[in-house]
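Counting from 10, one number per residue, gives the positions in the sequence shown under our numbering.
Virtual Cβ for every residue (Gly too), placed ideally from N, Cα, C.
In what follows, a structure is listed as structure tokens, so that the remarks can point back to it.
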Amino acid sequence: MDAFLTQPTSHSHAPQPDRVPAIQLKNDIKVRAVITDEPTSSILHSALRTYPLNAIGELPSNEALVLMIRRQRTLETVDVDGRLPEKLAKTYRDQDFILHEDNNLIIFTTKTNLSILKQHKHWFADGTFKVCPDDYYQLFTLHAMMTNAIIPFVYGLLIGKSSQDYNLFFEKVLVQDNFQPESIVTDFETGTIKSVKDMLPNVLHKDTF
């Protein structure tokens, strides 16, 4: 608790009594988010079951509490320079997994993945906006058609969905090798379509995924 609470000073005021339970609740949630691996729902359930009903008016929304847990855990997954820790930079086979990392883009893949991607000539690209860390706008994935399946080989965390965002992603991937895909299928995102035409001008493009 003490790590998140400060003593009142001459320039601050003690919390109003009806706000104290909400402050204590948030402090408890922050601590549990950092020191445990409990699911978000479990942390919220444990904290809320003892919350006094007469202070319900000061209770933050469920969405705000979930976001607070995510942010607290995000703080614990980066180093002092804001970069991902070493344990997240390697695969279980000890291959490097981070191809590129800066404030605008993180790309996850391995040399093996890129080698397999190069061997296959029919690619698919897709973005999802639901499964993504708070500091990024979307998870963008690059797949290849193998014998009986479409397999993802490159994962990118993008901060937006403009053609410039996609251009940066493709630029960092394509510079790794002499890729020569014959076709690429994307969704109907305008930025994706423009980027594919800019970055892969000689590749057959289909905008149906």
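Close-in-space but distant-in-sequence residues of the same chain around residue i (CB under 6 Å, 5 per side omitted)
i	result
Tyr175	Gly200, Thr201, Ser204
Gly136	Gln147, Phe149
Alpha-carbon to alpha-carbon, residue j and residue i
i	j	result
Val184	Val212	16 Å
Asp207	Phe178	12 Å
Leu108	Thr119	7 Å
Arg82	Gln33	19 Å
Leu53	Glu95	30 Å
Ser172	Arg102	34 Å
Arg41	Lys139	25 Å
Phe149	Asp196	11 Å
Where the beta strand (DSSP E) containing residue i begins and where it ends
i	result
Phe133	131-137
Leu213	213-215
Own chain partners of residue i with C-beta closer than 7 Å, once the 5 adjacent residues on each side are dropped
i	result
Ile160	His152, Ala153
Gly169	Tyr146
Identified DSSP bridge partners for residue i
i	result
Thr150	Asp135, Tyr164
Leu114	Leu167
Lys99	Asp105
Element boundaries [alpha helix (DSSP H), containing residue i]
i	result
Val194	It is not in any alpha helix (DSSP H) - Val194 instead sits in the beta strand (DSSP E) that spans 192-194.
Closest by C-alpha distance to residue i, when choosing among the options
i	options	result
Asp37	Met77, Gln104, Lys99	Met77
Asn157	Glu67, His129, Asp216, Leu166	His129
Ile65	Ala98, Val29, Arg80, Val75	Val29
Ala134	Lys35, Asp105, Arg80, Thr217	Thr217
Glu72	Leu62, Thr59, Ser50, Ser55	Ser50
Cβ shell of residue i (< 8 Å), same chain only, five flanking positions each side left out
i	result
Ser192	Lys130, His131, Trp132, Val212, Leu213, His214, Lys215
Glu180	Met208
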